[in-house]
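What the sequence shown shows, in the numbering used here, is residues 127 to 703, in sequence order.
Glycine residues also receive a C-beta, built at the ideal position from the N, C-alpha and C atoms.
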Amino acid sequence: MTEAEVSEKFIPELRELLKNRIVVLPPLIQRLKDIPLLANHYLNLFSRKDGKRTSGLSREATDKLVSYAWPGNIKELENVIQRAAIVSSEAVIIPGDLIFVLPSEKEIHKINLLRNERIRDLLRHPLIPKVFIWVNIFMVAVMAGFTLFGGSRPEGHPLQEFGNNPGMIITWLVWFPLLPISAFLIGRIWCTVCPLAGIGDLFSRIKKFNLPVPGILKRMDFWLVVLSFMFLDYVEEFFGVAEKPWATGMLLVIIIGVSVLFCILYERKTFCRYLCPLAGMLGAYSSMSLFEIRGNKKVCQTQCGQHLCYKGTEQAPGCPMFSYPASISNSTECMMCLNCLKSCDNRGVQINLRPPLQEIWRQSQPVLSLSLFGVILVGLMARHQFGHLTFWLSIEKSWGLIEGFSHTVVYLSFILLAFVPFALSSTLSAAASQEKVSENMAHYGIAFIPLALSGHLSHIAHEFLDEGVYELLQYLVKVYESLAAGVAIGSREVIISPFIHSSIITFLKTMMITGGMAGALIALIMIARRVSVRNVFARILPHLLVLMLFWIGYLFIFTAPTGAAPEPSPPPKARIR
Numbered sequence: 127m128t129e130a131e132v133s134e135k136f137i138p139e140l141r142e143l144l145k146n147r148i149v150v151l152p153p154l155i156q157r158l159k160d161i162p163l164l165a166n167h168y169l170n171l172f173s174r175k176d177g178k179r180t181s182g183l184s185r186e187a188t189d190k191l192v193s194y195a196w197p198g199n200i201k202e203l204e205n206v207i208q209r210a211a212i213v214s215s216e217a218v219i220i221p222g223d224l225i226f227v228l229p230s231e232k233e234i235h236k237i238n239l240l241r242n243e244r245i246r247d248l249l250r251h252p253l254i255p256k257v258f259i260w261v262n263i264f265m266v267a268v269m270a271g272f273t274l275f276g277g278s279r280p281e282g283h284p285l286q287e288f289g290n291n292p293g294m295i296i297t298w299l300v301w302f303p304l305l306p307i308s309a310f311l312i313g314r315i316w317c318t319v320c321p322l323a324g325i326g327d328l329f330s331r332i333k334k335f336n337l338p339v340p341g342i343l344k345r346m347d348f349w350l351v352v353l354s355f356m357f358l359d360y361v362e363e364f365f366g367v368a369e370k371p372w373a374t375g376m377l378l379v380i381i382i383g384v385s386v387l388f389c390i391l392y393e394r395k396t397f398c399r400y401l402c403p404l405a406g407m408l409g410a411y412s413s414m415s416l417f418e419i420r421g422n423k424k425v426c427q428t429q430c431g432q433h434l435c436y437k438g439t440e441q442a443p444g445c446p447m448f449s450y451p452a453s454i455s456n457s458t459e460c461m462m463c464l465n466c467l468k469s470c471d472n473r474g475v476q477i478n479l480r481p482p483l484q485e486i487w488r489q490s491q492p493v494l495s496l497s498l499f500g501v502i503l504v505g506l507m508a509r510h511q512f513g514h515l516t517f518w519l520s521i522e523k524s525w526g527l528i529e530g531f532s533h534t535v536v537y538l539s540f541i542l543l544a545f546v547p548f549a550l551s552s553t554l555s556a557a558a559s560q561e562k563v564s565e566n567m568a569h570y571g572i573a574f575i576p577l578a579l580s581g582h583l584s585h586i587a588h589e590f591l592d593e594g595v596y597e598l599l600q601y602l603v604k605v606y607e608s609l610a611a612g613v614a615i616g617s618r619e620v621i622i623s624p625f626i627h628s629s630i631i632t633f634l635k636t637m638m639i640t641g642g643m644a645g646a647l648i649a650l651i652m653i654a655r656r657v658s659v660r661n662v663f664a665r666i667l668p669h670l671l672v673l674m675l676f677w678i679g680y681l682f683i684f685t686a687p688t689g690a691a692p693e694p695s696p697p698p699k700a701r702i703r
């Protein structure tokens, strides 16, 4: 708009007053008092346009607006309020409704795979990822069916045994080990093809109320999935779910039921975003993944005004995670569903191949809940292995500890053993950097996720290579004999001699744990350098000491002997000559 066009809109008195004068308007960051006034003006404007009733901004939302730097000035404020008016489900705008598009950083060592037209066309195909969802729905139906049927059989029935029940084999030897591996390699790709959400979507086609997300879920955000994961992790081992077909089947049914309920009641995938117990773990590990989906910030700010990636189109619904690609700062917010790619015709969506761990130290908006969860995961993964150690099993037996009480004490102890040292190191580090302890925790806690993943993978390697691979092969032999010779599964014992030496397993676990420690060490250093170039060593020294403590503890726990101690042989009887 030219100067003459602007001048014509002024009343005569104002035009005369401004004549032959130069008016300098400072940037928005220097006019903090104007931000709430402008924000409310834009909010009323866009609310009327969308036919919504909004009463204004909450105090917390106003504080968040005032504390932001506004590199894009008033135009960026207008875009932020426009998005808030679109996503808000309440009369009052809360901080969770404010979606900022941070200034684009130089993308180092990233390759946008969508520059290849064949890849782009393939991923935009309507059957991607639907065909994989249907395959997984079939698999989870098999898992739930066999576990529930086997669990309902009388004692001694072949399907009551882990090695004869395909539902147990698939759930615990295939499905669960693949979860952390897939998150590390491809991000939250499992959430895209998840059968639990897929079944919920099927039921929602019959009836869907599309209620807005409750405010309490938005306010708690990632804390909810953290608590949900910790609860599931505690309950699963407390009741020995992995050893009982009926318990495994009921666990699947309960999670599917909750998913179906939320899919019917609430908009989009509220369950996946705020409540799914696996979302916390997968989200944490996805911060190290090799792939990411991001929005091209320049395209989104200059060419897009409809926000179709959020609203959805005829080709694909809006983002199920309530996210806006250009504002995504960590992969916990993205389930790799590709809806935004199918909805955007401006080529504003990118699928980047990136170096692992890069996201951890390039966090522009550190999330305290994610960082603390990364530290807690370090303790929880050690706890999984600790319960199998020979010396601990001997203590439980000699002291006569009740299994449930012992599990609870160990569970809480390992959470504290991870959190308390980190809280102390964060206090010392915050003193060196002159920042709040919570800010220091948010910055550095995420660096411990590589160590947590190494512990998770080490535990999987221990269970799979020590026993699981033989149970899987034995079941395959039973299936072959059933098909080829008509031998009923479970009617004949199949023995496969161990062919993986325990020293090889120990070596693999040691290498993974050391690799996880190295990844955490690199992340700590890079985070400290990104926060400030001053006092780097003083700021990271407390965290380095805690990392070394965790690493030594991991080496001890994951390499110590496991299994019940052999019964002592009876003393030789005296011979009477």
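Counting C-beta atoms within 10 angstroms of its own C-beta, S457 has 16 or more neighbours from the protein chains shown and is therefore classed as buried. In this structure, DSSP gives E440 a state outside helix and strand, which the three-state scheme calls coil. With the rule of 3 Cβ pairs closer than 8 Å, the stretch 401-414 does not count as touching the stretch 325-342. Taking a cut-off of 8 Å on C-beta distances, the stretch 411-428 touches the stretch 483-491, as three or more cross pairs fall below it. Non-local beta-carbon contacts of N472 in its own chain, meaning distances under 7 Å to residues more than five positions away in sequence, involve V425, Q429, C430 in chain order. It is roughly 46 Å from the alpha-carbon of V605 to the alpha-carbon of S495. Contact annotation: the stretch 248-260 touches the stretch 318-325, with at least three C-beta pairs closer than 8 Å. A distance below 9 Å separates the beta carbons of Q600 and I622. The stretch 476-520 contains, as complete alpha helix (DSSP H) runs of 4+ residues, the segments 484-487, 494-512 (chain order). In the three-state reduction of the DSSP assignment, I419 falls in the strand class, which pools E and B. Under the DSSP definition of a beta bridge, T688 partners with L515.
DSSP places L670 within a helical segment (H, G or I) once states are collapsed to three. The beta carbon of K635 is closer than 8 Å to those of S584, A587, H588, F684, T685 in its chain, skipping five residues each way along the sequence. Assigned with DSSP and collapsed to three states, L401 falls in coil, not helix or strand. For V266, the closest of P292, R244, H251 by C-alpha to C-alpha distance is P292. When DSSP reads this structure, L543 sits in no beta bridge, so it has no partner. At a Cβ-Cβ threshold of 9 Å, Y680 and G642 count as neighbours. In this structure the stretch 529-541 touches the stretch 509-516; the number of beta carbon pairs closer than 8 Å is three or more. Assignment of Y392 by DSSP, reduced to helix, strand and coil, places it in the strand class. A direct Cα-to-Cα measurement between Q476 and I419 gives close to 6 Å.
If you ignore the 5 residues before and after P152, its C-beta comes within less than 8 Å of no other C-beta in its own chain. Within the same chain, and ignoring the five residues on either side of E522 in sequence, the residues whose Cβ sits closer than 7 Å to its Cβ are S532. In this structure E369 is exposed. Its beta-carbon is surrounded by fewer than 16 other beta-carbon atoms within 10 angstroms. Straight-line spacing of the CA atoms in L667 and V563 works out to 15 Å. Shown here, G177 sits in coil according to DSSP, grouped into three states, outside any helix or strand. Distance from the CA atom of I678 to the CA atom of P284, rounded to whole angstroms, is 43 Å. Along the stretch 528-604, the beta strand (DSSP E) does not occur as any fully enclosed run of 3 or more residues. Going by beta carbons, V379 and A210 fall outside the 9 Å limit. With respect to the 9 Å criterion, A165 and I207 are classified as neighbours on the basis of their beta carbons.
Note that the C-beta distance between L350 and F417 is not below 9 Å.
Counting C-beta atoms within 10 angstroms of its own C-beta, S278 has fewer than 16 neighbours from the protein chains shown and is therefore classed as exposed. With contacts defined as CB atoms closer than 9 Å, G500 and S453 fail to qualify as a contacting pair. Relative to I155, the option among N170, V192, L183, R174 whose CA is nearest is V192. If you look at R246, you'll find it in the alpha helix (DSSP H) that goes 243-249. Within a 10 Å sphere around the beta-carbon of K344 sit 16 or more other beta-carbons, which makes this residue buried.
Around H235, the same chain offers R480, P481, Q484 as residues with beta carbons nearer than 8 Å, after the five sequence neighbours per side are excluded.
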